[in-house]
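Trainee:
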Amino acid sequence: MRTARSNDDRGVPGPLDRFLDRVFGYDWFLSYRRADSEGGSYARALDAELRRRGYRCFFDDREYPGGRVRASLRRAVRRSSTFVLVVTRGALGSEHCRAELAEAVRTGRVLAPILFPEEAGAILAESMQAALAESHGYREAPGRLGHGPSERVLEELVQHFHHRRRESVQRRFLLGLALLLAGLLCASVVLTLLVESKRREVSRMQARALSLLLADRAARICEEAPLAAIALAADGVRRTLESEQQVLPLAESALRAALFEVDGRALWSADGLWNGAVTGAGGIVAFDQERRWKAIGVRGNPIRLDPMERATSVAFADADGESFAFGDATGRMELHRTEAAAFAPVRRLAFDTGPMAIACTLLEHASRLVVGFADGRIECWTTNPAPACVARFQLDDAPALGHSMPIALCRSPVGGAILCGTSDGRLLEIAFPAEAGVLQRDLSFGAPGLRRLAVAPDSRSVGCGGTDGSVTVVALDGTKEPQRQRVHRGPVDALAWIDYTLLASGSDDQTVALWKWREPSSETNPRRMRGHEHPVLHLGVLGGVLYSFDRGGDLRAWSWEKPDASCEPRLHLEPRGIPLAEFVRPSSVLAYVPDHGLVRFDPAGGAREELGTLQQEPVLLAASADGHSVAFAFEGGEVFLRTERPAATERLPALRARPRSLALSEKGDVLLIGDESGGVSLWRRAGGELVSLEPHAEAVGTATLDRNGALALTGDWNGGVRLHDLARGTNRPLEAPPGVAPLEWVYGVSLSSSGRLAAAGGAGPHVLVYQLSARGEVESVRALPVENTVYALAFAPDEKHLAVASPMANEAWVFALDGSEVPVAVRLPALES
């Protein structure tokens with residue numbers, strides 16, 4: 010610490026002194042009357058004593074004409090901690106001192122006046138002297154005015170200065186501590202939000218994987234159960250219809266029947282899931298829509314065999330072209346050996362009861378079978394001499410259905426190991442040397458989810474098909490970065506290597522693609538080929554021809570030199586469809602039944618009325634509440650409306666994207682359509698034209714109308730909900746209330762009969778219920794807590810209760826909207842299988 014020097018005896022401050030003053034300021038500012046010699050002597054002595062003790066003081070003994078105070082003095086006052094005023098007889102009358110004192114008061118400096126008995130009597134009353142002396146304690150002894158400060162005054166000044174400094178340090182410490190705690194709180198909030206965002210992303214991938222699994226776990230078709238018990242589960246939208254006996258879940262409009270790798274022995278790649286395989290003699294093994302398998306020759310007719318009923322996984326031995334295995338939803342597995350046209354089981358494997366086997370692969374000349382289950386287990390079974398489980402591996406520490414499932418398995422080039430693609434996007438290499446499986450390598454590359462794996466012919470790379478439509482080639486030796494290409498708009502359900510540089514893929518978007526992954530991307534690389542009318546499920550190469558097999562049963566052939574030259578169907582399997590149904594009156598159900606078309610059922614009386622057949626199987630169906638109108642949509646985007654009064658069938662203008670939701674008004678005069686591009690279309694019988702409404706950002710998977718067709722409610726797969734006022738031609742998004750997280754995916758929406766209540770549910774911890782005004786404006790919104798994903802909602806006729814269904818948890822809940830009752834849970838035992 011140092012003292013600012015005056016002109017006369019301390020010289021001009023050096024650069025270092027000026028820098029320190031500018032940075033640190035002063036501890037004391039000494040103010041006195043310049044013309045007062047005694048006051049000046051006292052101030053100069055006080056300055057010397059304080060400097061000797063190590064304090065920074067500002068002392069100036071220059072005279073300024075006219076009492077003018079320079080800006081530098083005002084700045085020095087502002088940069089000082091304590092303002093010391095030597096109170097002499099002429100000090101308070103000095104314009105110079107008064108200006109410095111005014112600046113100190115204005116800037117909040119600590120004032121420390123020093124009083125002298127011989128001077129104070131002339132300028133202050135006795136009571137004021139006592140008050141000042143008691144308040145500050147800076148009252149000098151008589152005779153000290155011209156001789157410098159006493160030791161008592163110096164000690165008091167220093168003690169008070171240090172006391173204030175300690176208080177200032179304490180305040181700053183507490184302020185810093187508060188800021189630190191606030192920063193930690195903000196950081197914890199940010200980390201919580203990041204963790205929650207990651208959890209939502211994982212939940213979304215789990216929901217997508219679980220949706221794929223549920224689509225292939227559908228129960229038997231409607232003829233095998235009471236026709237009144239029907240559930241619609243089409244394209245992620247599930248509506249549950251109950252009868253007194255049971256609830257029957259039915260998945261998409263057709264179960265998957267597909268061709269496995271159609272290759273032969275030279276370029277064989279075994280990675281099957283759900284469907285079929287090829288024999289070493291060139292025959293094709295596939296499963297039909299009844300989950301019974303059949304042997305098919307490329308030029309011959311199907312040969313039907315029935316060894317099992319509902320196959321879920323299949324695998325073919327790489328080195329042994331005559332052995333393959335497959336299992337069903339109950340956990341049973343069968344090992345078969347193919348001999349020309351005869352198929353005879355040579356060994357049956359019995360598994361413990363539990364989740365269904367969803368993937369399998371054969372190792373070491375069919376001597377070992379690796380099976381993946383829906384709860385994340387992977388088991389290795391020996392098939393010779395006696396079936397036995399020899400090793401297990403668990404994907405997750407706390408397995409649960411949908412968390413992480415081994416969707417794709419294939420044999421790894423490393424002996425005795427497999428490659429596993431999971432529903433949450435991991436690519437793992439797992440070996441089974443002993444009782445516990447060992448994770449040898451984690452080859453994950455950040456995919457949202459994997460559906461297919463295929464090892465290249467040179468055994469150096471593996472092709473990975475993702476749920477986001479991407480295809481990735483991963484080098485198994487780790488020498489190159491993964492090569493990733495977005496090829497399709499839908500999940501990749503099929504992969505086949507033509508050679509080690511050319512990879513074929515098929516997708517849910519009904520396209521087949523060829524990708525030369527070692528060449529730069531261009532308009533023709535990858536090359537996308539169209540010709541299928543249904544999602545492509547499997548690919549294979551046989552005799553220089555690429556074969557693709559779709560869900561509708563069509564087998565098509567392609568040439569990779571001229572991909573557009575050949576796309577004619579070579580074989581067709583007649584698919585067996587799954588009913589689409591909807592309540593049309595409290596006493597009847599309208600449904601689509603294969604081989605019978607549209608049928609109306611009366612659950613109470615058992616009456617059945619066939620309304621006519623359709624040329625192809627619809628993917629969506631909606632009926633008016635009066636039962637006289639029905640709308641149905643097909644894969645290609647065609648939408649038809651059939652009415653009874655008058656009897657007519659009208660074809661609406663084709664949509665630009667695949668329809669994902671339909672809704673009809675009570676009298677069938679208004680039809681609402683949502684498609685996978687986010688578009689919302691409205692058709693009125695009075696106008697006969699298709700009108701586009703405000704679109705969504707993602708696919709509109711659910712929609713509903715009020716009874717009069719004046720209000721419409723739509724929800725998309727990104728959590729968006731929109732209310733359309735069709736009478737006024739307006740629409741508005743329905744937001745979550747403050748402090749409540751929005752829904753991630755909207756799977757179900759509902760409007761009350763009066764149109765004054767709206768509800769939306771989906772992937773999220775709550776159901777949102779909106780109170781609407783007569784003009785369709787949101788008056789209030791509530792969040793009802795739920796534990797599982799909601800797929801269906803319905804208001805009671807009295808609008809006092811709301812029912813929600815969670816098929817994944819096999820539960821339905823009933824909420825009292827006035828909050829007077831505890832929510833009632835209803836277990837759905839028929840869904841437990």
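Residue numbers (the working numbering): 10 to 842.
Here a beta-carbon is modelled for each residue, glycine too, at the ideal position from N, C-alpha and C.
Model, not experiment: these values are computed from the prediction.
(1) I need the DSSP call for F441, collapsed to helix, strand or coil.
(2) DSSP on V414, reduced to helix/strand/coil?
(3) Decide if P544 is buried, meaning its Cβ has at least 16 other Cβ atoms within 10 Å, or exposed.
(4) Taking 8 angstroms as the limit between beta carbons, can you name the residues of its chain near P853, skipping five residues before and five after?
(5) Using three-state DSSP, classify P668 as helix, strand or coil.
(6) Could you say which of K489, V689, L673 lies nearest to H705 if we only look at CA atoms?
(7) What does DSSP give as the partner residue(s) for T91 in the beta ladder?
(8) So, do the stretch 440 to 449 and the stretch 472 to 488 have three or more beta carbon pairs nearer to each other than 8 angstroms?
(9) Using the Cα positions of R493 and V482, report the straight-line distance between them to the nearest angstrom.
(10) Distance check for A503 and E270, CA to CA, integer angstroms please.
(11) Entirely within the stretch 751 to 809 and at least 4 residues each: give me those alpha helix (DSSP H) ranges in chain order.
(12) Taking all protein chains shown into account, do 16 or more other C-beta atoms lie within 10 angstroms of the C-beta of H171, making it buried, or fewer, making it exposed?
(13) Please classify G425: is it buried, with 16 or more other beta-carbons within 10 angstroms of its beta-carbon, or exposed?
(14) Using CA coordinates, which residue listed in N797, E808, A736 is at the minimum distance from L766?
(15) Under the rule that 16 or more other beta-carbon atoms within 10 Å means buried, what is D36, buried or exposed?
(16) Does the Cβ of P742 have 16 or more other Cβ atoms within 10 Å, making it buried, or fewer, making it exposed?
(17) Can you tell which of V199, L110, W754 has the C-alpha that lies nearest to the C-alpha of A772?
(18) On the DSSP bridge list, what partners appear for G434?
(19) Looking at the structure shown, is R79 part of a helix, part of a strand, or coil, going by DSSP?
(20) Between the alpha carbons of L186 and E47, how many angstroms are there, rounded?
(21) Does the stretch 115 to 124 come within contact of the stretch 61 to 71, defined as at least 3 CB pairs closer than 8 angstroms?
(22) Quick check: what's the CA-CA separation for A328 versus S453?
(23) Please name the residue, chosen from A484, H775, S103, that lies closest to D45 on a Cα-to-Cα basis.
(24) Compute the Euclidean distance between the alpha carbons of L580 and W567, then round it to the nearest angstrom.
(25) How many whole angstroms separate the CB atoms of L781 and A721, which I take to be in contact at a CB cut-off of 8 angstroms?
(26) Taking all protein chains shown into account, decide if D517 is buried (16 or more other Cβ within 10 angstroms of its Cβ) or exposed.
(27) Just how far apart, CA to CA, sit S759 and L371?
(28) By how many angstroms is the C-alpha of L512 removed from the C-alpha of V287?
(29) How would you label R737, buried or exposed, when you count the other beta carbons within 10 angstroms and need 16 or more for buried?
(30) Straight-line CA distance for A456 to R435?
(31) With 16 as the cutoff for other CB atoms within 10 Å, does D467 come out buried or exposed?
(32) Just curious, the alpha helix (DSSP H) that D486 is in, first and last residue?
(33) Buried or exposed: where does Q3 fall if 16 or more other Cβ atoms within 10 Å of its Cβ makes it buried?
(34) For G757, count neighbouring Cβ atoms within 10 angstroms of its own Cβ and tell me buried if that reaches 16, exposed if not.
(35) So what's T201 in DSSP terms, helix, strand or just coil?
(36) From E698 to L650, what does the alpha carbon distance come to, in whole angstroms?
Mentor: The relevant details are as follows:
(1) coil
(2) The sequence shown places Met at residue 414, rather than the Val named in the question. Looking at M414 - three-state DSSP - the assignment turns out to be coil, as it is neither helix nor strand.
(3) buried
(4) Nothing can be reported for residue 853, as the shown portion of the chain is limited to 10 through 842.
(5) strand
(6) V689
(7) W37, V119
(8) no
(9) 7 angstroms
(10) Below a pLDDT of 50, predicted positions are generally treated as unreliable, and E270, at 29, falls in that range; the measurement from the model is reported next regardless. Each residue's alpha carbon lies about 9 angstroms from the other.
(11) none
(12) exposed
(13) exposed
(14) E808
(15) buried
(16) exposed
(17) W754
(18) For G434, which the question treats as bridged, DSSP gives no partner whatsoever.
(19) coil
(20) 48 angstroms
(21) no
(22) With a pLDDT of only 42 at A328, under 50, the local geometry of the prediction cannot be trusted, and the value read off the model is given with reservation. Taking the straight line joining both Cα atoms gives about 27 angstroms.
(23) S103
(24) For L580, the pLDDT reaches just 45, beneath the cut-off of 50, and the residue's location in the model is therefore unreliable, although a value from the coordinates is still provided. The alpha-carbon atoms of L580 and W567 are separated by roughly 14 angstroms.
(25) At roughly 13 angstroms, the Cβ-Cβ gap does not stay under 8 angstroms, so L781 and A721 are not in contact.
(26) buried
(27) 48 angstroms
(28) In this predicted model, V287 has a pLDDT of only 35, less than 50, meaning its place in the structure is not dependable; the value taken from the coordinates is given anyway. In a straight line, the C-alpha of V287 is about 19 angstroms away from that of L512.
(29) exposed
(30) 7 angstroms
(31) exposed
(32) Here D486 belongs to no alpha helix (DSSP H), and DSSP marks it neither H nor E.
(33) An answer regarding residue 3 cannot be provided, because it is not within the stretch 10 to 842 covered by the chain.
(34) buried
(35) helix
(36) 13 angstroms
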